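Numbering (my numbering), first residue to last: 155 to 626.
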């Protein structure tokens, strides 16, 4: 696949033989992350849950920069970036993954020459078409040895599997290469919303805690400024990072810092630390507005009307934001009184589908009400709510939880011993005090008074809502 002489490793310079039927097994499972499938899935879910962003805007990052230490050290930092890809499930079909070489020196960028990578969560196939698209570049060749034990790419795969599900992978180990050479590769692979780019890099290494904070802070600012002069003393993945910054700047992406810590903040001492940063690069697609709300209300009304026999099921427009996986609620009111309310607390399908399914369920399946009658339909007012990702609230006791709540802003989920319930943010309009809000939510979930709040898991989210004009 590669050009002979384009890359050197182990002191050799040669064209690799066909390895298209080979699978790279996990090399650092059980060391950098759990080797057991169930334990790994649980750890990933916990990290993503605790890192959830309550921001609400259409779109998802085109590129991420994430650390690659063991999960106990940098997993939480990486999760703050990966959770931003949750809306991209079933949209992203290809991940271009670049990281530095730690064990086998290379010149240029190395393809694995394999058909797939395995992880405890399953197999990820290599995008052979994408590999062919860059095979003719002088700085690209195959080097299976460079991939065999390389952890900087492997540790990213379980996160990607957790948030994206199925996708094709193009992994590249970067050695000696100029930023322009890396950017040229990325330009060929850039694609559209079906392609996401992930750059794997830690920051400073083995500085004292305060010195690391100073150095990493300066490096973070350089990344936000798209400064491709970042050095290997600042970031071990400086080679792929510099090229990615150049490509992102040329494409007009917007950079944001999601998290910046070091091993002294997570799981290690503070004498000699390693720095970790998480960054997202987006094209700035704007905010949700009235037009989005009207579209969702139209889909909800059309779905209920079709279910009641008033016409065909509406077609979901081919608008990218409607294909993103997001959670929603649909509430119905008749003569000012609640007539049904059903929704999703986690994203489990494209938003357009979720709104239509929840609208029909609110009209016909809410166990608190009889199914909506045809003669009630015209007088029914519909409200749709679009939910952010959830984020776990860490609290010491009942009083600490109450102090952390933000009345009028937080939607809250409470979960204890299999009992679960939520209040949307608009419930604060009738339950204004945190003590009352939590008490009523516990009662809704069926949580006994004997079970202390400290034994409950509590999540927060934000919501945007749009309502039809109340029928006369």
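Ideal Cβ placement from N, Cα and C applies to all residues, glycine included. Quantities reported herein were computed from a predicted structural model and do not represent experimental measurements.
Beta bridge counterpart(s) of residue 273 as assigned by DSSP
Counting from 1 along the chain shown, the entry for residue 273 is found at position 119. Under DSSP, residue 273 forms a beta bridge with 276.
In chain order, which alpha helix (DSSP H) runs of at least 4 residues are fully inside the stretch 456-510?
Counting only unbroken stretches of 4 or more residues, the alpha helix (DSSP H) elements lying wholly within the stretch 456-510 are 474-477, in sequence order.
Is the stretch 500-513 touching the stretch 573-585, taking contact as three or more C-beta pairs under 8 Å?
Taking 8 Å as the limit for Cβ pairs, the verdict is that the stretch 573-585 does not touch the stretch 500-513.
Among the candidates 270, 461 and 336, whose CA atom is the shortest distance from the CA of residue 292?
The count along the chain shown starts at 1 and reaches residue 292 at position 138. With distances taken between Cα atoms, residue 292 lies closest to 336.
Between the alpha carbons of residue 332 and residue 252, how many angstroms are there, rounded?
Numbered from its first residue, the chain shown carries residue 332 at position 178. Numbered from its first residue, the chain shown carries residue 252 at position 98. Roughly 14 Å separates the two Cα atoms.
My guess is that residue 486 and residue 494 are in contact by the Cβ rule of under 8 Å, so how many angstroms apart are they, rounded?
Taking the first residue of the chain shown as 1, we reach residue 486 at position 332. Taking the first residue of the chain shown as 1, we reach residue 494 at position 340. For residue 486 against residue 494, the beta-carbon gap comes to about 4 Å, under 8 Å, which counts as contact.
Residue 281 to residue 357 span [Cα, whole Å]
Taking the chain shown and counting its residues from 1, one reaches residue 281 at position 127. Taking the chain shown and counting its residues from 1, one reaches residue 357 at position 203. When rounded, the separation of the alpha-carbon atoms in residue 281 and residue 357 is 29 Å.
Do residue 611 and residue 546 come within 9 Å of each other at the CB atom, strictly closer than that value?
As a working note, residue 546 is residue 392 in the chain shown. As a working note, residue 611 is residue 457 in the chain shown. In this structure, residue 546 sits near residue 611, with a CB-CB distance shorter than 9 Å.
Looking at residue 609 and residue 603, is the spacing between their C-beta atoms short of 9 Å?
Position 449 of the chain shown holds residue 603. Position 455 of the chain shown holds residue 609. The answer is no: Cβ separation not under 9 Å.
Rounded to whole angstroms, what's the CA-CA distance from residue 196 to residue 202? Just pull it up for me.
Here residue 196 is taken as the residue at index 42 of the chain shown, counted from 1. Here residue 202 is taken as the residue at index 48 of the chain shown, counted from 1. If I take the Cα positions, the gap works out to 10 Å.
In chain order, what residues of the same chain have a beta carbon less than 7 Å from the beta carbon of residue 589, not counting five sequence neighbours either side?
Taking the chain shown and counting its residues from 1, the one referred to as residue 589 is at position 435. Hits under 7 Å: 556.
Limits of the alpha helix (DSSP H) - the one that residue 558 falls within:
Your numbering for residue 558 matches position 404 in the chain shown. From DSSP, the alpha helix (DSSP H) with residue 558 extends over 552-558.
Contact between the stretch 216-233 and the stretch 429-439 is defined here as three or more beta-carbon pairs at a separation below 8 Å; is this criterion met?
Touching, yes.
For residue 216, count the other beta carbons within 10 Å of its own beta carbon; 16 or more makes it buried, fewer makes it exposed. Which is it?
The residue you call residue 216 lines up with position 62 of the chain shown. When all chains shown are included, residue 216 counts as buried.
On a CA-only basis, which of 450, 467 and 466 is nearest residue 473? Give me that one, please.
Your numbering for residue 473 matches position 319 in the chain shown. Nearest C-alpha to residue 473: 450.
Inter-residue Cα distance where the pair is residue 410 and residue 177:
For the purposes of this step, residue 410 is identified with residue 256 of the chain shown, where counting begins at 1. For the purposes of this step, residue 177 is identified with residue 23 of the chain shown, where counting begins at 1. Near 35 Å, if we compare the C-alpha coordinates of residue 177 and residue 410.
What residue ranges within the stretch 312-344 form continuous beta strand (DSSP E) runs of no fewer than 3 residues, ordered along the chain?
Runs of beta strand (DSSP E) with 3 or more residues, each lying fully within the stretch 312-344, are found at 322-328, listed in chain order.
Mind the definition here: the stretch 536-543 touches the stretch 616-626 only if three or more C-beta pairs lie below 8 Å; say whether that holds.
Under the Cβ criterion (8 Å, minimum of three pairs), the stretch 536-543 counts as touching the stretch 616-626.
If you count every other CB in all the chains shown that lies within 10 Å of the CB of residue 164, and 16 or more means buried, which is it?
Translated into positions along the chain shown, residue 164 becomes position 10. Because residue 164 sits at a pLDDT of 37, beneath the cut-off of 50, its placement in the model cannot be relied upon, and the following sentence gives the value as read from the coordinates. Counting of Cβ neighbours within 10 angstroms places residue 164 among the exposed residues, the total staying below 16.
Those runs of the alpha helix (DSSP H) which lie wholly inside the stretch 529-606 and span at least 4 residues
If we require 4 residues or more, the alpha helix (DSSP H) runs fully inside the stretch 529-606 come out as 552-558 and 588-599.
From the DSSP output, in three-state form, read off residue 254 for me.
If you number the chain shown from 1, residue 254 lands on position 100. Judged by DSSP in its simplified three-state form, residue 254 adopts strand.
Per-residue DSSP class, three states only, for residue 351:
Numbered from 1 along the chain shown, position 197 holds the residue referred to as residue 351. When secondary structure is reduced to three states using DSSP, residue 351 falls in the strand class.
Between residue 373 and residue 231, is the Cβ-Cβ spacing less than 9 Å?
One-based indexing of the chain shown puts residue 373 at position 219. One-based indexing of the chain shown puts residue 231 at position 77. Not a contact, by the Cβ cut-off of 9 Å.
Could you check what DSSP says for residue 217 in three-state terms: helix, strand or coil?
For the purposes of this step, residue 217 is taken as the residue at position 63 of the chain shown. Residue state, collapsed to three classes: strand.
Spatial distance of residue 235 from residue 229 (CA atoms)
Translated into the one-based positions of the chain shown, residue 235 becomes position 81. Translated into the one-based positions of the chain shown, residue 229 becomes position 75. Looking at the two C-alpha atoms, the distance is approximately 10 Å.
Can you grab the Cα-Cα spacing for the pair residue 199 / residue 227, in whole Å?
To locate residue 199, count along the chain shown from 1; it is residue 45. To locate residue 227, count along the chain shown from 1; it is residue 73. Here the alpha carbons of residue 227 and residue 199 stand approximately 16 Å from one another.
Just grab the DSSP bridge partners of residue 296 for me.
Your numbering for residue 296 matches position 142 in the chain shown. According to DSSP, residue 296 bridges with 265.
Taking the Cβ atom as the reference point for each residue, do residue 182 and residue 309 lie within a distance shorter than 9 Å?
Looking up residue 182 in the chain shown gives position 28. Looking up residue 309 in the chain shown gives position 155. Yes, the pair counts as a contact, with Cβ atoms nearer than the cut-off.
Kindly confirm or deny that the stretch 384-403 and the stretch 242-262 touch, where touching means at least three C-beta pairs closer than 8 Å.
Contact holds: three or more Cβ-Cβ distances are below 8 Å.
Check whether the stretch 385-395 and the stretch 314-331 touch, using three or more Cβ-Cβ pairs below 8 Å as the test.
The answer is yes - the stretch 314-331 touches the stretch 385-395, with three or more Cβ pairs under 8 Å.
N- and C-terminal bounds of the alpha helix (DSSP H) containing residue 185
Position 31 of the chain shown, counting from 1, holds the residue named residue 185. Counting along the chain, residue 185 sits inside no alpha helix (DSSP H), nor does DSSP assign it H or E at all.
Between the C-alpha atoms of residue 453 and residue 355, what's the straight-line distance to the nearest angstrom?
Indexing the chain shown from 1 puts residue 453 at position 299. Indexing the chain shown from 1 puts residue 355 at position 201. Distance between the alpha carbons of residue 453 and residue 355: 43 Å.
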